[in-house]
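Peer 1: First the structure, which I've put down as structure tokens, then a few questions once you've had a look.
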Amino acid sequence: MIDVVLKEDERIDDLERNGYKIIQNSKKFCFGIDAVLLSSFARVNDGENVLDLGTGTGIIPILLKGKTNGEHFTGLEIQDDSADMAMRSVIMNGLESDIDIVKGDIKEADKLFKKASFSVITSNPPYMNDNHGIKNPNLPKAIARHEVLCTLDDVVRSATLMCKPSGRFYMVHRPHRLTEIICKLKEYKMEPKRIRFVHPFEDRDANMVLIESVRGGKSMVKIENPLIVYKKDGSYTDEILEMYGF
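In terms of the numbering used here, the sequence shown opens at residue 113 and continues consecutively.
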């Protein structure tokens, strides 16, 4: 690992994967289990290139580099501080030849990259629109959780523009917006193919949903077995531990 300079309130967290670590700032925004779930749900084949829309501190590209044999990974992030932490994490892990962090707006992805140039698109977008929840007064956290700088439409539209024909788009979101998500995907010719609901406990309602869609795919969707996060005693299930690399 290469030494990097940490800024105020920053820390280095061990990702338990290939020795990779990540720089985070708890006063701004830290990745959650949703990023870990998405990186495990996404299928990246040998030689494929990946674009992560709204990469934050670069967690998904770094995890995908550790979990797959993808050729190259790119993270797009609009917030200066997050993009800077992501870039320094890439350097710290010696992954400059494998991961690019690009500072920019999801809505302008087609101006930053060649259209239809990525085999796989991933995104852990803001879950809440103006009708859901109270915005966090901390702006970086509000941007990560609420549709402040981009909407679901912006994310799906950009994913479609960047995705190769028959390429795959992976997203983690909230179940209460699933109907809206599926309608939006189909509007942009992204056909849902796999859906997996995530439940905190076996007897609780799902609080996350993982979705794979294919650009220009045929109409057929598979609902996969539910993913349970915690056992009754509050410890992680074996599947979750495996995703974390334990």
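Just so it is clear, CB atoms sit at the ideal spot from N, CA and C, and this is done for glycine as well. Computed from a predicted structure; not experimentally measured.
1) Since R280 sits in a beta bridge, which residues does DSSP pair it with?
2) I need the boundaries of the alpha helix (DSSP H) containing T186, first residue and last residue.
3) Among residues of its own chain, excluding the 5 on either side of E183, which ones have a beta-carbon nearer than 7 Å to its beta-carbon?
4) Alpha carbons only, please: which of L273, D345, E324 and I335 is nearest the one belonging to A154?
5) Within 10 angstroms of the Cβ of P338, are there 16 or more other Cβ atoms? Answer buried if so, exposed if not.
6) Which residues does DSSP list as the beta-bridge partners of I145?
7) DSSP beta-bridge partners for D212?
8) Only counting the same chain, and skipping five residues up and downstream in sequence, which positions put a Cβ closer than 6 Å to that of I352?
9) Below 8 Å, how does it come out for the stretch 199–210 and the stretch 170–181: are there three or more Cβ pairs, yes or no?
10) If D164 sits next to G187, beta carbons under 8 Å apart, how far is it from one beta carbon to the other, in whole angstroms?
11) Going by beta carbon distance, what residues of the same chain come within less than 7 Å of V156, once the five residues before and after it are set aside?
12) From the DSSP output, read off the bridge partner residues of K133.
13) What's the C-alpha gap between V326 and V284?
14) Rounded to the nearest angstrom, how far is the Cβ of K223 from that of L273, given a contact under 8 Å?
15) By Cβ distance, which residues of its chain are closer than 7 Å to D210, with the 5 residues on each side in sequence left out?
16) Which of the three DSSP states is assigned to I334 in this structure?
17) Along the beta strand (DSSP E) that carries M302, what are the first and last residues, could you check?
18) So what's I255 in DSSP terms, helix, strand or just coil?
19) Using DSSP's beta-bridge definition, name the partner residues of V321.
20) When you compare each of R280, K215 and N236 to H267 by their alpha carbons, which one comes out closest?
21) Quick one: give me the first and last residue of the alpha helix (DSSP H) that V268 is part of.
22) From this set, V116, S347 and Q191, which residue's C-alpha is nearest E314's C-alpha?
23) Are any of the Cβ atoms in chain D nearer than 7 Å to that of K139?
24) Below 7 Å between beta carbons: does that hold for K334 and R306?
25) Using the C-alpha atoms, what's the distance from E189 back to Q136?
Peer 2: From the atom records:
1) V232 and V326
2) It is not in any alpha helix (DSSP H) - T186 instead sits in the beta strand (DSSP E) that spans H184 to E189.
3) G159, E160 and N161
4) The residue with the shortest Cα to Cα distance from A154 is E324.
5) exposed
6) BP columns for I145 are empty, so no partner.
7) T186
8) Counting only Cβ-Cβ distances below 6 Å, and skipping sequence neighbours, we find V341.
9) yes
10) 5 Å
11) V162, L176, T180, G182 and V232
12) D126
13) 15 Å
14) Their Cβ separation, rounded to whole angstroms, is 10 Å, which puts K223 and L273 out of contact at 8 Å.
15) K177, H184 and F185
16) The identity of residue 334 in the sequence shown is Lys, whereas the question assumes Ile. Judged by DSSP in its simplified three-state form, K334 adopts strand.
17) M302 to H311
18) Confidence at I255 is low in this model, with a pLDDT of 42, below 50, so its placement is unreliable and the value that follows should be read with caution. In the three-state DSSP reduction, I255 falls in the helix class (H, G or I).
19) Partner(s): H285 and F309.
20) His is not the amino acid found at residue 267; the sequence shown has Val there. Out of R280, K215 and N236, N236 has the C-alpha closest to the C-alpha of V267.
21) L264 to M274
22) S347
23) Absent from the structure is chain D; it holds one protein chain and no more.
24) yes
25) 15 Å
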